[in-house]
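The structure under discussion appears below in the form of structure tokens.
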Amino acid sequence: MPAAVDLSALTVVRGGRRVLSELDLTVPTGQVTGLLGPSGCGKSTLLRAIVGVQRITSGTVRVLGAPAGSRELRSRVGYMTQSPSVYADLSVDENLGFFARVLGVGPDAVARVRSAVDLDEFGSQVVGRLSGGQRSRVSLAVALLAEPELLVLDEPTVGLDPVLRVSLWALFARLAQGGTTVLVSSHVMDEAERCDRLLLMRDGRLIADDTPAAIKRAAGVGDVESAFLALVEQEAR
Ligand SMILES: Nc1ncnc2c1ncn2[C@@H]1O[C@H](COP(=O)(O)OP(=O)(O)OP(=O)(O)O)[C@@H](O)[C@H]1O
Numbered sequence: 001m002p003a004a005v006d007l008s009a010l011t012v013v014r015g016g017r018r019v020l021s022e023l024d025l026t027v028p029t030g031q032v033t034g035l036l037g038p039s040g041c042g043k044s045t046l047l048r049a050i051v052g053v054q055r056i057t058s059g060t061v062r063v064l065g066a067p068a069g070s071r072e073l074r075s076r077v078g079y080m081t082q083s084p085s086v087y088a089d090l091s092v093d094e095n096l097g098f099f100a101r102v103l104g105v106g107p108d109a110v111a112r113v114r115s116a117v118d119l120d121e122f123g124s125q126v127v128g129r130l131s132g133g134q135r136s137r138v139s140l141a142v143a144l145l146a147e148p149e150l151l152v153l154d155e156p157t158v159g160l161d162p163v164l165r166v167s168l169w170a171l172f173a174r175l176a177q178g179g180t181t182v183l184v185s186s187h188v189m190d191e192a193e194r195c196d197r198l199l200l201m202r203d204g205r206l207i208a209d210d211t212p213a214a215i216k217r218a219a220g221v222g223d224v225e226s227a228f229l230a231l232v233e234q235e236a237r
């Protein structure tokens, strides 16, 4: 099966700084791929390049067989940014209904995505009066509306309690089982274990690209956080 995302020699310079450097990577179709690395390593910039909202300096980014950001990808790629991108003065259902119309999907999608993110009790609640975690789940619900083939999520579990985090990771796994490609960033290394595949990043470069088990095995350690530290140490030598 062709890769959902295929990057070749991607370089991005932002504010005079080289934020991504000659990145080559692929994201397999129908799996949950985790993009992990410390704050500032370039995760959001990479995700922005994949959804086509980042000006790139050089290289190529192909998504679902088309150049990133092309028109035909609009409804095939769902993107959730780090800061909630929904209207604070509208209710959850009004937001979902609005974005459903923008995306041209039927009104029955609203109930489907509301329930997928566990917000059924909050349909008539104004978003401005929700907690941060609830608000980010409304953004996630928007990203799910068009049943995208590729779902790109920038730190979707920040600010969520452990129970909700587990339920969201279960949702990502269910989506992948149904054929959706899920690319999710996090700087919480314990979330790595829930991914089929991991991309570990540091300073705009990829330091590992494999399954969690293979990354731990290669580093001879029992958890991904220790593997990350071992890889950083190896590089410094
Ligand atoms: N608008 C911008 N202009 C210039 N530089 C930027 C801009 N946005 C981000 N950067 C720089 O690009 C680098 C990578 O930022 P990016 O947001 O991609 O990192 P990240 O890994 O997603 O971090 P975090 O986990 O904290 O969100 C950082 O050094 C940051 O300072």
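Okay, so the sequence shown: first residue is 1 according to UniProt numbering, each after it adds one. We put the CB at the ideal spot given by N, CA and C, even for glycine.
Same chain, Cβ closer than 7 Å to residue i, neighbours up to 5 away in sequence not counted
i: threonine 26; result: Ala3, Val5 and Asp6
i: glycine 65; result: Pro2
i: glutamine 82; result: Ser44, Asp154 and Glu155
Residue i burial status per 10 Å Cβ neighbour count (16 or more: buried)
i: glutamine 134; result: buried
i: threonine 33; result: buried
i: glutamate 191; result: buried
i: alanine 213; result: exposed
i: alanine 208; result: buried
Close beta carbons around residue i, own chain, < 8 Å, minus the five adjacent residues each side
i: leucine 119; result: Val92, Gln134, Arg137, Val138 and Ala141
i: valine 126; result: Ala88, Asp89, Leu90 and Ser91
i: arginine 194; result: Val32, Gly34, Trp169, Phe172 and Ala173
CB-CB length for residue i against residue j, believed under 8 Å
i: glutamate 235; j: methionine 189; result: With 8 Å as the limit, glutamate 235 and methionine 189 do not qualify as a contact, their Cβ atoms being about 17 Å apart.
i: glycine 78; j: proline 148; result: 4 Å
i: glycine 69; j: glycine 52; result: 2 Å
For residue j and residue i, the rounded distance between their alpha carbons
i: valine 166; j: threonine 157; result: 9 Å
i: arginine 112; j: leucine 150; result: 18 Å
i: leucine 183; j: arginine 237; result: 31 Å
i: threonine 180; j: leucine 47; result: 17 Å
i: valine 221; j: glycine 40; result: 25 Å
i: leucine 200; j: histidine 187; result: 10 Å
i: arginine 62; j: serine 185; result: 19 Å
Cutoff 6 Å; reference residue i; Cβ partners in own chain excluding five residues on either side
i: lysine 216; result: Ala227
i: glycine 159; result: Gly132 and Gly133
**Study point:** Contact the stretch 46 to 60 vs the stretch 7 to 20: 3+ CB pairs below 8 Å
**Key:** yes
Exercise for review: Specify whether the stretch 102 to 121 and the stretch 144 to 163 touch according to this definition: at least 3 beta carbon pairs, one from each stretch, less than 8 Å apart.
Suggested key: yes
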